[in-house]
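Below is one structure; the comments refer to it alone.
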Amino acid sequence: MHITRYLLNATQKTSTGIFGLAVHPNPRHHLIETYNNTLNALTKLPSNALYRHATESLTKHRLSIVESTENVQEIENKIDAGIIEEVILQAEDELKLVAKMEEWKP
């Protein structure tokens, strides 16, 4: 039992290497949830809005990668936007921006 725990800990990332950015305990699940929330929020924007189309396209593409890929390192390589914790920050920022875009819509 102790050997298994030791081996498991050896394969888990302990640091992102970026000051102030902690390792996320379940990044894949969090990304799927955030991308789905973003897609739901985008439906509140006008259907002809360029921002909505561009963001939906990018979000759907990244969501399909995350849903179809179990390995976090493979997700990082396919998305090619930094480590998974950075991708999470990007996704969370996009979700916040969608709310602002809704607030600012004419």
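Here the sequence shown stands for residues 1 to 106, where the numbers follow UniProt numbering. Note that CB positions come from ideal geometry on N, CA and C, so glycine has one too. Owing to the predicted nature of the structure, the values given are computational and were not obtained by experimental measurement.
Under 8 Å: do the region 48-56 and the region 11-29 share three or more Cβ pairs, one atom per stretch?
no
Work out the CA separation of Leu42 and Lys105 for me, nearest whole Å.
Reading the sequence shown from its first residue, position 105 is the one you call residue 105. Reading the sequence shown from its first residue, position 42 is the one you call residue 42. In a straight line, the C-alpha of Lys105 is about 12 Å away from that of Leu42.
Alpha carbon to alpha carbon, how far is Asn26 from Glu103?
Taking the sequence shown and counting its residues from 1, one reaches residue 26 at position 26. Taking the sequence shown and counting its residues from 1, one reaches residue 103 at position 103. Near 31 Å, if we compare the C-alpha coordinates of Glu103 and Asn26.
State yes or no: is the C-beta of Asn48 nearer than 6 Å to some heavy atom of the ligand ADP?
As for the ligand ADP, it is missing from this structure, which has no ligand bound.
Please say whether Ile65 and Lys44 have beta carbons closer to each other than 7 Å?
In the sequence shown, counting from the first residue as 1, residue 44 sits at position 44. In the sequence shown, counting from the first residue as 1, residue 65 sits at position 65. No.
Could you give the distance in angstroms between the alpha-carbon of Leu7 and the alpha-carbon of Thr14?
Numbered from 1 along the sequence shown, position 7 holds the residue referred to as residue 7. Numbered from 1 along the sequence shown, position 14 holds the residue referred to as residue 14. Low per-residue confidence applies at Leu7: pLDDT is 44, beneath 50, and the placement is therefore not dependable enough to give any value.
Quick one: grab the DSSP three-state call for Ala81.
Stepping through the sequence shown from its first residue, residue 81 is reached at position 81. Three-state result, Ala81: coil.
Shortest alpha-carbon distance to Met101 belongs to which of Glu85, Pro46, Glu74?
On the sequence shown, position 101 is the one that residue 101 refers to. Taking only the C-alpha atoms, the option nearest Met101 is Pro46.
My understanding is that Thr38 touches Glu94, with C-beta atoms under 8 Å, so please give their C-beta distance in whole angstroms.
For the purposes of this step, residue 38 is taken as the residue at position 38 of the sequence shown. For the purposes of this step, residue 94 is taken as the residue at position 94 of the sequence shown. A Cβ-Cβ separation of about 6 Å places Thr38 in contact with Glu94 under the 8 Å criterion.
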